[in-house]
Amino acid sequence: MTKGVFIDKTKCMYCGGCTAVCPVNALELKETYIEWDPEKCIYCGACERFCPAGAIKVVRE
Amino acid sequence: MRQWLQEEYDVIVVGAGPAGSTAARECAKRGLKTLVLEKRQEVGVPKRCGEGLGEGWCRIAGITPDPKWARYEMHGAVLWSPSGKKVVIPTPTKGWIIERRVFDKWLAEKAVMAGARMITKARVIGVIKEEDTVKGVIVETPDGDFEVMAKIVIAADGVDSKTAKYAGLNTVNPATEIDSGYQYEMVGLKIPEPTDMIHLYFGWDVAPRGYVWIFPKGPDHANVGIGIGGHIDKGTAKEYLDRFIESHPEIFENAGIVEVNAGGIPVGAPLKKPYANGLLVIGDAAHMVNPIHGGGIGTGMEAGILAAEIAEKAVRSGNVSEDVLKEFAEKWYEKRGNQLLQVLKVRKFFEDLTDQDMEKLADILDDKQLLLDFADGRRTAAFLKFLAKAPRIALKAAKHLK
Ligand SMILES: Cc1cc2nc3c(=O)[nH]c(=O)nc-3n(C[C@H](O)[C@H](O)[C@H](O)COP(=O)(O)OP(=O)(O)OC[C@H]3O[C@@H](n4cnc5c(N)ncnc54)[C@H](O)[C@@H]3O)c2cc1C
Numbered sequence: 001m002t003k004g005v006f007i008d009k010t011k012c013m014y015c016g017g018c019t020a021v022c023p024v025n026a027l028e029l030k031e032t033y034i035e036w037d038p039e040k041c042i043y044c045g046a047c048e049r050f051c052p053a054g055a056i057k058v059v060r061e
Numbered sequence: 062m063r064q065w066l067q068e069e070y071d072v073i074v075v076g077a078g079p080a081g082s083t084a085a086r087e088c089a090k091r092g093l094k095t096l097v098l099e100k101r102q103e104v105g106v107p108k109r110c111g112e113g114l115g116e117g118w119c120r121i122a123g124i125t126p127d128p129k130w131a132r133y134e135m136h137g138a139v140l141w142s143p144s145g146k147k148v149v150i151p152t153p154t155k156g157w158i159i160e161r162r163v164f165d166k167w168l169a170e171k172a173v174m175a176g177a178r179m180i181t182k183a184r185v186i187g188v189i190k191e192e193d194t195v196k197g198v199i200v201e202t203p204d205g206d207f208e209v210m211a212k213i214v215i216a217a218d219g220v221d222s223k224t225a226k227y228a229g230l231n232t233v234n235p236a237t238e239i240d241s242g243y244q245y246e247m248v249g250l251k252i253p254e255p256t257d258m259i260h261l262y263f264g265w266d267v268a269p270r271g272y273v274w275i276f277p278k279g280p281d282h283a284n285v286g287i288g289i290g291g292h293i294d295k296g297t298a299k300e301y302l303d304r305f306i307e308s309h310p311e312i313f314e315n316a317g318i319v320e321v322n323a324g325g326i327p328v329g330a331p332l333k334k335p336y337a338n339g340l341l342v343i344g345d346a347a348h349m350v351n352p353i354h355g356g357g358i359g360t361g362m363e364a365g366i367l368a369a370e371i372a373e374k375a376v377r378s379g380n381v382s383e384d385v386l387k388e389f390a391e392k393w394y395e396k397r398g399n400q401l402l403q404v405l406k407v408r409k410f411f412e413d414l415t416d417q418d419m420e421k422l423a424d425i426l427d428d429k430q431l432l433l434d435f436a437d438g439r440r441t442a443a444f445l446k447f448l449a450k451a452p453r454i455a456l457k458a459a460k461h462l463k
């Protein structure tokens, strides 16, 4: 897999909780999807650990 | 709608949740020209909530419970220990499991009837700042992007708040200070007796750093949810909840799922500084949530009322600087914040308990009201005294509650 933050749309609940734990404001809830900003992301994995639905995968390389 | 976005306002409220709609209602009542911008297509939907609300909050929020949303009356809580011991705690006051999709719209309606303008599918994507003062917001709508000016912006945009961040405040929830929540609304389940109480299930295998809840919306209808620590990496909230449901066929065997929800619940300290020049932050956006149970509807509405009072003062005096707006924080901490900080200590104490400690507590607990008061940040000394019966637990309490 290539580096990135991958959000599984079949699992994502669009709750926005991941945006609340992101320390660098790299995620945004757009109601029907989560927008990820590769420029800001520091790949810390907080969103992946937090996600109630297990929808997020952070791939570091 | 286009016209509305080309006018100037005394107050722009971002977010039409309980905090935002209440703030907007009170601002409008005070004669302030108020605009509410809500990014969702539909106010209150989907819910991110177990929907528990105590009657005391209705009084504080200046609302009369309406059968349209006050669905099922609650008279206490049942705490279930990890091994299944049952501690029944009736409460002298009542509460409701409400219907958030109706409640949030009902609150929004009150704001509009009081004179506030409100539009949905209007996402705030930035703030306009001049000389370090927030002067308005940039909003994305189906009609295009607009710059809308206001003397004060109230950020009530919930756990995924961006407005305060755009203004330069740090509102990040550290993973240990937020709960990861997942919930099914279920019908046809056999709620344990008594069905007019909320049921909470504890244990490190059940819900690490949290609990599972059954909030009845009727004798055979309930929100069944879980909150676990946001940093827990042994499993997701959904996995823990599914496991709980599978292990309790006596409750869930014939139940169906009519809705699924998720969400983050800020359970850490509220923002120290929920304001900036031209900006107030309220509700989940400011982490104004009870850290023990994650209830934030009441605290959000309460903060909305206070925010309107201070906003009016600032607007009328022509001074929206921090010097004036800091009164919001002072008053809020006096009214609620300091209590929540004490509750936060209680949360840290509870999360230090092992399953064995929880069993012990279930065994020795005699004065149930004392537990309720303690969990609410009061009667700490009395609780510590009671813990003399359980020295191991008392030691932990002393560590967190000194
Ligand atoms: C699983 C779960 C269970 C819970 N159970 C309970 C409970 O039983 N009892 C209780 O009291 N509390 C509970 N809570 C907490 C409660 O739901 C919140 O505290 C409450 O909704 C906070 O109200 P609010 O107005 O601050 O924010 P919200 O209700 O989240 O409203 C914020 C609004 O702002 C909007 N918004 C966000 N960003 C923007 C933007 N950029 N532009 C425009 N609009 C925006 C959002 O769409 C939303 O409508 C629970 C939470 C969860 C996740």
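Top to bottom, those sequences are chains A and B.
So the first sequence is numbered by the numbering used here: it starts at 1 and just counts up by one.
So the second sequence is numbered by the numbering used here: it starts at 62 and just counts up by one.
Glycine included, C-beta positions come from ideal geometry on N, C-alpha and C.
Shorter than 8 Å, the distance from the beta carbon of residue i to the closest heavy atom of ligand 1, or not?
i        : result
ASP257/B : no
LEU405/B : no
TYR133/B : no
ILE371/B : no
ASN234/B : no
LEU367/B : no
GLN400/B : no
CYS18/A  : no
PRO331/B : no
With a threshold of 9 Å between beta-carbons, can residue i be considered close to chain B, or not?
i       : result
VAL5/A  : no
TYR14/A : yes
THR19/A : yes
ALA26/A : no
GLU31/A : yes
CYS41/A : no
Using three-state DSSP, classify residue i as helix, strand or coil.
i        : result
TRP141/B : strand
ASP240/B : strand
THR256/B : coil
TYR33/A  : coil
ARG86/B  : helix
ALA211/B : strand
MET13/A  : coil
ILE358/B : helix
GLU370/B : helix
VAL328/B : coil
LEU168/B : helix
ILE73/B  : strand
Along the beta strand (DSSP E) that carries residue i, what are the first and last residues, could you check?
i        : result
GLU180/B : Just to set this straight, residue 180/B is Ile in the shown sequence, not Glu. Looking at the DSSP string, the run of the beta strand (DSSP E) that includes ILE180/B is 178–180.
GLY4/A   : 4–7
TRP274/B : 272–279
PRO151/B : 147–159
LEU230/B : From DSSP, LEU230/B is part of no beta strand (DSSP E); its letter is neither H nor E.
LYS57/A  : 56–59
Of all Cβ atoms in chain A, is any one closer than 9 Å to the Cβ of residue i?
i        : result
ILE199/B : no
ARG101/B : yes
VAL407/B : no
TYR243/B : yes
ALA347/B : no
ILE353/B : no
VAL60/B  : No information on residue 60/B is available, as it lies outside the stretch 62 to 463 that chain B covers here.
ASN322/B : yes
THR297/B : yes
ILE318/B : no
With respect to the alpha helix (DSSP H) encompassing residue i, which residues constitute its N-terminal and C-terminal limits?
i        : result
HIS461/B : 452–462
PHE466/B : No statement about residue 466/B is possible, as the shown extent of chain B runs from 62 to 463 and does not include it.
GLU388/B : 383–393
THR441/B : 441–447
When the distance is taken between beta carbons, is residue j closer than 9 Å to residue i?
i        : j        : result
TYR70/B  : MET210/B : yes
SER382/B : GLY339/B : yes
MET62/B  : THR202/B : yes
PRO277/B : ILE306/B : no
ALA451/B : LYS421/B : yes
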